[in-house]
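Novice:
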Amino acid sequence: MNTGFRSQVVPEYRLLTESQIHEFHRAALEVNEKIGMRIGCDEGIALLKEHGCTMTDNNMVLIPSYLVEECLRSVPSGIDIYNRKGEPAMRLEGRNIYFGMGTDLHNTYDVYTGEMHRSVLQDVANASRVADSCRNIDFVASFALPHDVPTNTMYIECAKTMFQNTVKPIFTTAAGLEDLQIIVEMAETVVGGAEALRRWPCLIHYSEPTPPLVHSYGAVRKLFLCADKGVPITYVPSDVLGGSAPVTLAGGIVQALAEAQSGIVLHQLRRKGSPIISGFCVAPMDMRTAVFCYGPPEYRLTISAFCDIFHWYGIPMWSTVGSDSFVMDQQAGMEHAICTLMAALDGANLIHDVGYLGQGLVGDPAMLVMCDEIISYVKRFVRGFDMSRELMAIDVIQKVGAAGSYLAEEHTRKYFKQELWQPSLINRDDLEVWKQKGRLTYGQRVVQKTIQILENHRPEELRPEINEKIEEIAKRAEKGLAALHFVA
Amino acid sequence: MPELNSSLANAVVEGDIDVAKKLINQALAEGATAQGIIDKGLTPGMDCVGQRFKEGEMFIPEVLLSARTMQAGMEILRPLLTEKQATAAGTVVIGTVEGDIHTIGKDLVSIMMEGAGFKVIDLGIDVKPQRFVEAVREHKPDIVAMSAMLTTTMPKFAETVNALKEAGIRDRVKIMAGGAPVSRDFVAKVGADGYGSNATAAVDSAKSLMGR
Chain A
1 MNTGFRSQVV PEYRLLTESQ IHEFHRAALE VNEKIGMRIG CDEGIALLKE
51 HGCTMTDNNM VLIPSYLVEE CLRSVPSGID IYNRKGEPAM RLEGRNIYFG
101 MGTDLHNTYD VYTGEMHRSV LQDVANASRV ADSCRNIDFV ASFALPHDVP
151 TNTMYIECAK TMFQNTVKPI FTTAAGLEDL QIIVEMAETV VGGAEALRRW
201 PCLIHYSEPT PPLVHSYGAV RKLFLCADKG VPITYVPSDV LGGSAPVTLA
251 GGIVQALAEA QSGIVLHQLR RKGSPIISGF CVAPMDMRTA VFCYGPPEYR
301 LTISAFCDIF HWYGIPMWST VGSDSFVMDQ QAGMEHAICT LMAALDGANL
351 IHDVGYLGQG LVGDPAMLVM CDEIISYVKR FVRGFDMSRE LMAIDVIQKV
401 GAAGSYLAEE HTRKYFKQEL WQPSLINRDD LEVWKQKGRL TYGQRVVQKT
451 IQILENHRPE ELRPEINEKI EEIAKRAEKG LAALHFVA
Chain B
489 MPELNSSLAN AVVEGDIDVA KKLINQALAE GATAQGIIDK GLTPGMDCVG
539 QRFKEGEMFI PEVLLSARTM QAGMEILRPL LTEKQATAAG TVVIGTVEGD
589 IHTIGKDLVS IMMEGAGFKV IDLGIDVKPQ RFVEAVREHK PDIVAMSAML
639 TTTMPKFAET VNALKEAGIR DRVKIMAGGA PVSRDFVAKV GADGYGSNAT
689 AAVDSAKSLM GR
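Keeping their order, the protein sequence lines are chains A and B.
So the first sequence is numbered by my numbering: it starts at 1 and just counts up by one.
So the second sequence is numbered by my numbering: it starts at 489 and just counts up by one.
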């Protein structure tokens with residue numbers, strides 16, 4: 001009964017047709033070839049010229065289409081990311097989906113008091129520990145931007161704190177080349193050297209061009225460092241519809257795709273076959289408040305569009321979720337649920353900003369716990385279900401018959417765990433039990449669980465000698481970078 | 489035979505009917521008493537199931553298979569028990585009230601009650617008040633348990649309670665009522681004694697009505 005035909009029913013979603021993908025691709029090539037990009041770094045300009053690019057009178061570098069297409073081809077179609085211990089953690093390829101946090105939130109909620117404060121390094125540690133315990137969070141980012149450490153070593157302190165509080169892969173940004181070098185050195189120390197980091201990367205760097213049409217000095221230098229070191233880099237332009245990009249979705253997509261393409265060119269020319277995660281962010285500006293929005297529907301459309309395009313390229317892509325609410329409320333739940341479902345349907349590989357609130361300004365560790373369950377829900381949905389004679393259960397239907405019950409059937413016991421999703425915090429209690437437990441809202445249960453994690457979850461510690469070394473690196477950086485002025 | 493009985497308890501937890509039957513027959517052949525097998529094997533097994541279910545480690549289909557295993561064991565052992573032993577935990581007459589043909593919730597409670605050691609007489613669905621009266625006269629239960637799934641059939645609780653009163657046998661039994669739309673307040677209002685918002689709560693309520 002169990003052999004023979006078996007098929008899978010899986011939700012599928014595509015936004016663009018193949019000819020629409022081609023059209024966007026050609027339009028972006030046209031932007032690179034005829035309008036060009038401004039490159040803020042002489043080393044970058046020289047490299048592009050060496051490969052047939054030309055410079056216009058107004059300092060725009062024109063990139064021929066053949067060169068873009070050549071570079072798109074040399075990007076690895078899959079990137080394996082490992083955890084701190086060198087164990088496989090993510091295969092960024094195809095329609096595999098992985099979720100993790102974002103960086104740089106200026107404000108953080110205290111889960112005990114419910115008050116918001118200016119973020120500090122302890123918030124990075126707390127977020128890392130909470131994420132370490134969440135099954136559906138695959139990579140960890142600082143979440144908070146620590147205001148209690150010197151500005152020049154903020155990102156170094158974040159990286160150190162994350163390594164100390166989670167074994168999961170780390171996603172980090174940097175102020176410039178100088179601190180990024182130190183973060184990479186730290187990662188090398190954790191995994192056992194430069195060659196080990198190249199083979200088993202546990203660090204993904206996040207950096208971006210500056211739309212419209214600019215690759216800044218700092219951005220190009222970070223691209224080059226990551227290419228040299230084999231550190232996977234997410235290099236994604238953030239275009240604001242009606243601000244730094246045309247207000248039309250199609251126009252925003254064309255410009256952002258051109259920026260993403262030229263980023264790939266710079267990266268691949270530096271070192272062919274280096275791992276890069278691409279994509280772009282084209283989100284609306286609210287035309288009443290000028291706020292950059294994280295949770296709106298137009299954003300989901302532009303993300304779906306680039307996911308289709310980068311699936312066609314065969315290049316791993318980034319994506320994002322988030323909410324514009326300043327507090328973990330109904331809006332936050334709604335926006336995160338929709339974003340998460342769409343990102344999963346898009347088949348986006350590296351989905352970041354899980355738990356982001358307040359237009360990228362506010363974090364709440366409890367949001368990570370809520371998102372853990374949202375992701376779990378969404379993963380169950382996109383998994384679909386199997387079909388087979390056994391699963392279509394005609395024999396059992398016959399056996400139970402009219403007015404019977406399936407509850408105590410062996411068939412039920414055999415399959416209920418595979419078929420039926422089991423929530424952890426979502427309410428399934430009956431009214432009486434819910435009342436007895438104190439009539440808690442979902443948000444209240446999420447906060448309780450977060451406190452439980454913070455008090456009980458102990459992430460696996462770094463080996464003492466490694467911990468000592470990264471403390472030393474951080475101390476050295478504090479002196480070394482104290483007087484440095486980073487160039488963007 | 490502590491070892492054999494703990495493996496019987498295990499078989500109950502695992503819901504493995506064949507293994508349970510084999511172990512019981514083996515124990516009987518080796519001279520164990522029926523009551524001993526129940527006390528040291530079946531009951532501890534079901535207690536463990538109840539505990540795990542409450543802690544969210546076991547799920548309804550698994551609990552039901554455990555209860556079925558317990559029942560299968562009881563089928564072998566019941567003829568060997570004295571009448572007093574067989575009904576020591578209490579006897580329950582259960583049914584879905586008149587006009588209501590929903591069976592799953594009532595079945596669930598019924599199986600769980602048996603799992604907890606109650607002797608259960610299941611009157612089925614669409615049970616008229618008069619049939620509850622007759623069943624009380626015939627089986628002399630400790631508890632009468634009524635189930636309703638529809639708000640339109642909930643008034644039958646009161647009618648059934650009244651029928652028992654009119655027959656003069658209301659005070660011989662404890663009355664329980666439950667079902668998805670039913671609340672604790674409603675049950676108190678119709679003059680019943682016990683309520684469970686779900687199947688395990690119903691068993692707990694039955695136990696407490698029995699003074700256990």
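Cβ coordinates follow ideal geometry from the N, Cα and C atoms, glycine included.
1. From which residue to which residue does the alpha helix (DSSP H) around TRP312(A) run?
2. At what residues does the alpha helix (DSSP H) containing LEU552(B) begin and finish?
3. Quick one: Cα of ILE609(B) to Cα of ASP506(B), how far?
4. Using Cβ-Cβ distances below 8 Å, what residues of the region 590-603 of chain B are close to chain A?
5. Please report how far the alpha carbon of ILE470(A) lies from the alpha carbon of ASP148(A), in whole angstroms.
6. Bridge partners for GLN8(A) per DSSP, in chain order?
7. Spell out a yes or no on whether the region 151-171 of chain A and the region 472-480 of chain A are touching, meaning 3 or more CB-CB pairs, one atom from each, closer than 8 Å.
8. Considering only the beta carbon of each residue, do PRO169(A) and ASP138(A) sit closer than 9 Å?
9. Of the residues that make up the region 628-642 of chain B, which ones have a beta carbon closer than 8 Å to any beta carbon in chain A?
10. Tell me where the alpha helix (DSSP H) around ASP132(A) begins and ends.
11. In the DSSP assignment, what are the bridge partners of CYS281(A)?
12. For the alpha helix (DSSP H) that contains VAL220(A), what are its first and last residues?
13. Would ASN513(B) be called buried (16 or more neighbouring beta carbons within 10 Å of its own) or exposed?
14. What does ASP395(A) touch in chain B if you count any residue whose Cβ is under 9 Å from its own?
15. Any beta carbon of chain B sitting closer than 9 Å to that of GLU492(A)?
16. Only counting the same chain, and skipping five residues up and downstream in sequence, which positions put a Cβ closer than 7 Å to that of ASP286(A)?
17. What is the DSSP secondary structure of ARG38(A), counted as helix, strand or coil?
18. Tell me, to the nearest whole angstrom, how far the beta carbon of CYS71(A) is from that of ARG221(A); I am working on the premise that it is less than 8 Å.
19. Candidates THR640(B), LEU569(B), MET634(B), LYS607(B): which alpha carbon is nearest LEU516(B)'s?
20. Thinking C-beta only, is VAL500(B) closer than 9 Å to GLY529(B)?
21. Per the DSSP calculation, VAL362(A) is bridged to which residue(s)?
22. CYS371(A) and HIS336(A) look like a contact to me (Cβ under 8 Å); what is the Cβ gap, rounded to whole Å?
23. Listing by chain order, which chain B residues have their CB less than 9 Å from the CB of ARG413(A)?
24. Looking only at its own chain, which residues have a Cβ that is under 7 Å from the Cβ of ALA361(A), when we skip the five neighbours before and after it?
25. Write down the C-beta distance between VAL191(A) and TRP200(A) rounded to the nearest angstrom, noting that I regard them as a contact closer than 8 Å.
26. Compute the Euclidean distance between the alpha carbons of LEU484(A) and LEU341(A), then round it to the nearest angstrom.
27. Taking the alpha carbon of GLY656(B) as the reference point, which residue from VAL621(B), ASP681(B), VAL585(B) has its own alpha carbon closest?
28. Spatial neighbours of LYS607(B) within its chain, please: CB distance less than 6 Å, with the 5 preceding and 5 following residues excluded, ordered by chain position.
29. Could you tell me how far apart the beta carbons of THR641(B) and ILE613(B) are, in whole angstroms, since I believe they sit closer than 8 Å?
30. Based on the DSSP secondary-structure assignment, which residues constitute the bridge partners of LEU62(A)?
31. Is there a Cβ of chain C sitting closer than 9 Å to that of SER671(B), yes or no?
32. For GLU626(B) and PHE541(B), I'd like the C-alpha separation in whole angstroms.
33. Specify the secondary structure class of ILE351(A) as computed by DSSP and reduced to three states.
34. I'd like to confirm the pairing. Which residues does DSSP put opposite PHE292(A) in its beta bridges?
35. In terms of alpha-carbon separation, which member of GLY667(B), GLU647(B), GLY666(B), VAL624(B) lies closest to ARG660(B)?
36. THR688(B) and MET600(B) look like a contact to me (Cβ under 8 Å); what is the Cβ gap, rounded to whole Å?
Specialist: To lay it out plainly:
1. According to the DSSP assignment, TRP312(A) belongs to the alpha helix (DSSP H) that extends over 297-313.
2. For LEU552(B), the enclosing alpha helix (DSSP H) begins and ends at 548-565.
3. Taken atom to atom, the span from the alpha-carbon of ILE609(B) to that of ASP506(B) is near 25 Å.
4. Per Cβ criterion, the list reads THR591, ILE592, ASP595, LEU596, ILE599.
5. Whole-angstrom Cα-Cα distance: 19 Å.
6. GLN8(A) pairs with ASP386(A).
7. Contact between the region 151-171 of chain A and the region 472-480 of chain A is present, because at least three Cβ pairs lie under 8 Å.
8. Yes, they are a contact pair.
9. Answer in chain order: no residues at all.
10. Residues 121-133.
11. CYS281(A) pairs with SER238(A).
12. That run of the alpha helix (DSSP H) goes 217-229.
13. By the Cβ neighbour-count rule, ASN513(B) is exposed, with fewer than 16 other Cβ atoms within 10 Å of its own.
14. Ordered by position in chain B, no residue passes the 9 Å Cβ test against ASP395(A), which lies about 17 Å from the chain.
15. No answer is possible for residue 492(A): it lies beyond the span of chain A, which begins at 1 and ends at 488.
16. Here ASP286(A) has CYS293 as same chain residues with Cβ atoms under 7 Å from its own Cβ, once five neighbours each way along the sequence are excluded.
17. Looking at ARG38(A) - three-state DSSP - the assignment turns out to be strand.
18. Incorrect: roughly 18 Å between the Cβ atoms, too far for contact.
19. Here the closest residue by C-alpha is LEU569(B).
20. Cβ distance < 9 Å, so GLY529(B) and VAL500(B) count as in contact.
21. Per DSSP, the beta bridge partners of VAL362(A) are ASN107(A), LEU357(A).
22. Their Cβ separation, rounded to whole angstroms, is 6 Å, which keeps CYS371(A) and HIS336(A) in contact under 8 Å.
23. Simply GLY503, PHE547, PRO549, GLU550, LEU552, LEU553.
24. For the sequence presented, residue 361(A) should be read as Leu rather than Ala. Counting only Cβ-Cβ distances below 7 Å, and skipping sequence neighbours, we find LEU105, HIS106, ASN107.
25. Indeed, because the Cβ distance is near 6 Å, the residues count as touching under 8 Å.
26. Rounded to the nearest whole angstrom, the CA to CA distance from LEU484(A) to LEU341(A) is 43 Å.
27. It is VAL621(B).
28. Only THR575, THR579 meet the Cβ criterion.
29. That belief does not hold up - the Cβ atoms of THR641(B) and ILE613(B) are roughly 11 Å apart, past 8 Å.
30. Looking at the DSSP output, LEU62(A) bridges to THR54(A).
31. The question asks about chain C, but that chain is absent: this structure's protein chains are A and B.
32. Each residue's Cα considered, the two are about 34 Å apart.
33. Reduced to three states, the DSSP call for ILE351(A) is strand.
34. For PHE292(A), which the question treats as bridged, DSSP gives the partners MET285(A).
35. Checking every option, the nearest Cα to that of ARG660(B) belongs to VAL624(B).
36. The distance from the Cβ of THR688(B) to that of MET600(B) is about 7 Å, consistent with a contact at the 8 Å cut-off.
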